[in-house]
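Below: one structure, written as structure tokens.
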Amino acid sequence: HVEDYVFQLSLNSAFGHEGPICSGGSEGQETLTLLAVEVPWTRVLSAKPEGAEVISYSPVDAIVLLNMTTGDCIEDLIVTYEYVREFPSLLVVQQADSYVAEPGDEVEVSVIIQNVGSATAYNVTCLTSSEDIYSLELSNLQLNPGESFTFSYTAVVESWGEDYRYPGYYGGSYTSYGLVPPVMAIYFSSPIYNTTSPYWEGPELPFVVWSNGLQFVRPGEPGPSLLAFLRLDNYTVSQGEDAKAMVEVWNVGSAGAEDIDVFLSWYVFWAPTYWWTYAWPDVEESWFFSAHIDELGPGEHVELTFNITTQMPGYMVVYAEVVSERGAMRVWSNTATLIAVPEPSMSAGLPYVIVEKYVSPEGEVREGDVLTVLLVVSNVGTATAEDVLIVDDVPEGLERVGSVKISPPDKPFEDHSTASQVAIVISSLEPGEVVKVSYDVRAVRAGTYVFSSAEGSYGYYGLSTRGASGLALITVRPRGPGPTPKGLGPFGSLITPIALLAASIVATGIVVALYARRRH
């Protein structure tokens, strides 16, 4: 702690290490060591020693790298940084002139984009969609705090058909509705140059927000039509502070709606993510509150208030889902971005899972040989990780043989593996706990194969986190004379992994990782 919200991170202190930090290696082999320090929600002020490179100055994902080769030593890696407390935050809302239309009809839709944050939003790009085809409506817009921009577009009403039904939610029969999907907006916290499309390059991470969806009733068939709008009382808070979410639910249809459930959900990330998709089909865990509205007549609206306590630092995506008519009517609000700046005095209490991947024998094998893949899964955080999903793909040209083994053998787990992929769910990992997972593969045909990264993922208070191992390269030679390499066996010992996530720690909002890769 240097001064208010200015801090120094020492790699030696973080790992409890004394003395120089050196890059080792095996005899006759060169090792390239990469030290990476990622400090979200900060601005890096300096990095030592000389040679440490700040590759991203973005406040949402500041990164410092230091490359070392065999025999290189440094006294310490010290990063000085300050927490940033001003960020852009966009709300996108769309409305139609009328909510009576047949699927396939064209309707005019107006969109308002407003920067409700405390910093400028750069390179704002907006896309509309129809039947999963995206159209670029605007790009490279800049919005200062408090500014807004309005545009209109022509949308084709889609059918609320089989793709939009949710079996298991309430059950019952379905009423026919039309819909217009949400509008997507992408923006950045600092300028991205030469960007004329929604695609970008470089370390800067984008923010992604969505508008509300629109719902339409058929002509001559009176029915309710619901809209939901979401706003927050504050879009940047300190970790541990409360934020209020206000959800307005409107009935713009021609008949009353009954038994309306409103679900407020949010997801937490260390930083904005490239793979954000609406309604989150791929995220393991979310947190939500719910409320119930008995009845809402035509033209009526209600406002609901929810309280969110930001126990986790990071990037929170908040949205509401409104469900009525036993699940047949379903509409989403716009999303809102809430950033919880890490509070150094508040213990994060986070789980953090790392995955190490070993393949034995290394290097070359022959057709028909059996290789053993060992995954070492560790929780190096300070809280329990539950329902840890481990996924590892089997390269084409190799076949999995036998069952997946786990150590300790009494550790509860579920096996969802297939012929081409190992997928297990470990019930829980306590802080400091290590679990080993192994399986065998047979080299079916000659060739060079890359074992992709094994991933471990879990959810914690809305935080969805993934840890990935390194890659492994194996060459399979045709069967011929010569000794046959032996497999590792279930839980043997390896000296050096081919690619290893060697160590990782979690401080308050800080992730430090050490990667080592052998170079022949």
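The sequence shown lines up with residues 222 to 741 when you count with the working numbering. Glycine is no exception: its CB is placed at the ideal position from the N, C-alpha and C atoms. Computed from a predicted structure; not experimentally measured.
As the crow flies, the alpha-carbon of PRO630 is around 9 Å from that of VAL656. In terms of Cα proximity to VAL328, the closest of SER648, SER373, ARG666, PHE672 is SER373. Of the residues LEU451, ALA466, GLY444, VAL489, the one whose Cα lies closest to the Cα of GLY477 is GLY444. With contacts defined by Cβ atoms closer than 8 Å, ASP661 and VAL591 form a contacting pair. When the beta-carbon positions are compared, ALA376 and THR349 come within less than 8 Å of each other.
The beta carbon of VAL538 is closer than 7 Å to those of TRP487, TYR488, THR556, THR558 in its chain, skipping five residues each way along the sequence. A distance below 8 Å separates the beta carbons of GLY535 and ALA561. The alpha-carbon separation between GLY325 and MET550 amounts to approximately 19 Å. Inter-segment contact for the segment 397-413 and the segment 292-301 is absent: fewer than three beta-carbon pairs are separated by less than 8 Å. When the Cα atoms are used, VAL378 and SER319 turn out to be separated by approximately 12 Å. Sequence-distant Cβ neighbours of VAL265 in its own chain, meaning closer than 8 Å and more than five residues away, are VAL275, TYR278, ALA283, VAL285, VAL300, THR301, TYR302. Beta-bridge pairing by DSSP links THR669 to THR696. Shown here, ASN365 sits in coil according to DSSP, grouped into three states, outside any helix or strand. With at least 16 other beta carbons inside 10 angstroms of its own, TYR304 counts as buried. Membership of ILE611 in the beta strand (DSSP E) is indicated by the continuous run 606-614. Here LYS578 is buried. Its C-beta has 16 or more other C-beta atoms within 10 Å. Secondary structure of SER234 (DSSP, three-state): helix. In this structure the segment 518-525 lies against the segment 458-472, because at least three pairs of beta carbons, one per stretch, are closer than 8 Å.
In the DSSP assignment, ASP482 is bridged to HIS513, VAL544.
The DSSP assignment places 428-431, 435-437, 447-453, 457-459 as complete runs of the beta strand (DSSP E) inside the segment 421-464, in order along the chain (cut-off: 3 residues). Shown here, VAL489 sits in a strand according to DSSP, grouped into three states. In the structure shown, ARG306 adopts coil according to DSSP, grouped into three states. VAL543 places its beta carbon less than 8 Å from that of ILE481.
For SER624, the enclosing beta strand (DSSP E) begins and ends at 619-628.
Between the beta-carbon of GLN315 and that of SER432 there is about 5 Å, and that keeps the pair under the 8 Å contact cut. Setting aside the 5 residues that flank it on each side, GLY618 is surrounded in the same chain by ALA664, VAL665, ARG666, GLY668, TYR670, VAL697, each with a C-beta closer than 8 Å to its C-beta; the list follows chain order. Residue GLU588 holds the alpha-carbon nearest to the alpha-carbon of ARG700 among VAL646, THR530, GLU588.
In the structure shown, THR290 falls within a strand segment according to DSSP collapsed to helix, strand and coil.
Leaving aside the five residues that flank ALA317 on each side, the residues in its chain whose CB is nearer than 6 Å to its CB run, in chain order, VAL328, VAL330, LEU435.
Setting aside the 5 residues that flank it on each side, PRO440 is surrounded in the same chain by VAL321, GLU323, each with a C-beta closer than 7 Å to its C-beta; the list follows chain order.
Nearest Cα to SER659 within the set LEU485, ILE413, VAL598: VAL598. Looking at the backbone, the Cα of ASN365 and that of PRO633 are separated by about 52 Å. Within the DSSP bridge table, the entry for LEU650 names ALA606 as partners.
By the Cβ-count criterion, TYR355 is exposed, with fewer than 16 other Cβ atoms from all chains shown falling within 10 Å of its own Cβ.
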